[in-house]
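A short write-up of the structure that comes next.
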Amino acid sequence: MEQTRNKPIHYVTYGAAIAAVYIVLTIVFAPISFGPVQFRISEILCVLPFFTPAAVPGLFVGCLLSNLLCGAAGLDIIFGSLATLIGAAGSLYLGKVNKWLVCLPPILANTIIIPWVLRYAYGSPDLIPVAMVTVGIGEVLAIGVLGNMLLLTLDRYRNLIFHRNLT
Numbered sequence: 786m787e788q789t790r791n792k793p794i795h796y797v798t799y800g801a802a803i804a805a806v807y808i809v810l811t812i813v814f815a816p817i818s819f820g821p822v823q824f825r826i827s828e829i830l831c832v833l834p835f836f837t838p839a840a841v842p843g844l845f846v847g848c849l850l851s852n853l854l855c856g857a858a859g860l861d862i863i864f865g866s867l868a869t870l871i872g873a874a875g876s877l878y879l880g881k882v883n884k885w886l887v888c889l890p891p892i893l894a895n896t897i898i899i900p901w902v903l904r905y906a907y908g909s910p911d912l913i914p915v916a917m918v919t920v921g922i923g924e925v926l927a928i929g930v931l932g933n934m935l936l937l938t939l940d941r942y943r944n945l946i947f948h949r950n951l952t
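First residue of the sequence shown? That's 786 in the working numbering, and the numbers climb one at a time after it.
Structure below.
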């Protein structure tokens with residue numbers, strides 16, 4: 786009975802903690818977190834929906850607040866955060882199919898959406914396909930490489946870190 790009553794508290798706590806870590810990582814690495822060639826270290830957290838559904842709203846709120854706090858343009862705040870939400874929701878869904886597919890949705894969502902944001906929010910002169918390549922490379926490095934390293938590490942210690950009723 787106690788675990789059932791605390792489940793919403795654990796869910797909100799996990800989501801808030803994930804949002805906080807995302808914000809801190811984005812702000813600490815702000816010089817490389819924004820722009821046409823970006824390497825957003827906080828994107829490694831996009832593998833967390835594999836472990837808990839609380840990561841989906843946590844990543845969305847973390848991205849939204851990071852963009853707000855770092856002075857991003859309005860279109861970036863909206864559509865950059867939506868790209869993260871789409872990627873996180875896709876990771877939650879594909880993570881149930883296969884752990885190695887978790888990284889694909891955030892990589893694809895950001896590679897497709899962010900170049901348009903860079904063009905229309907910031908007036909980036911890069912052609913959309915060129916921006917897709919540069920953003921895509923950053924996403925593959927952050928999520929595909931570092932994110933998978935985090936995924937493997939957390940998977941090894943899953944029972945110590947994540948509450949069983951949330952996974």
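All C-beta atoms in this analysis are idealised placements derived from N, C-alpha and C, irrespective of residue type, glycine included.
Measure from the alpha carbon of residue i to the alpha carbon of each residue in the options, then state which is nearest.
i, options, result
"G865", "L936, N895 and A804", "N895"
"Q823", "T811, K792 and K884", "T811"
"L860", "G923, V832, I898 and V925", "I898"
"L854", "V920, V813 and M934", "V813"
"C848", "L877, L939 and A815", "A815"
"I817", "G923, R941, G932 and Y942", "G923"
"V918", "P900, R943 and V930", "P900"
"I870", "T938, A804, L844 and V887", "Note that residue 870 is Leu in the sequence shown here, rather than Ile. Comparing Cα positions, the closest option is L844."
"G932", "V846, V915, N852 and I892", "I892"
"L935", "C831, Y907 and H795", "C831"
"V806", "E828, H795, P793 and Y796", "E828"
With the cut-off set at 8 Å, would you say residue i and residue j are in Cβ contact?
i, j, result
"A868", "A840", "no"
"P821", "L903", "yes"
"L886", "L879", "yes"
"G875", "P842", "no"
"C888", "G929", "yes"
"A804", "L850", "yes"
"F819", "K884", "no"
With respect to the alpha helix (DSSP H) encompassing residue i, which residues constitute its N-terminal and C-terminal limits?
i, result
"P842", "A840 to L854"
In three-state DSSP terms, what is residue i?
i, result
"V920", "helix"
"G859", "helix"
"F864", "helix"
"T869", "helix"
"P834", "helix"
"G820", "coil"
Is it the case that the CB of residue i approaches a heavy atom of the ligand MN more closely than 7 Å?
i, result
"S876", "The model on display carries no ligand, and the ligand MN is accordingly not part of it."
For a minimum of 4 consecutive residues, which ranges assigned as the alpha helix (DSSP H) are wholly contained in the region 871 to 946?
Fully enclosed alpha helix (DSSP H) runs of 4 or longer: 889 to 907, 913 to 924, 933 to 941 and 943 to 946.
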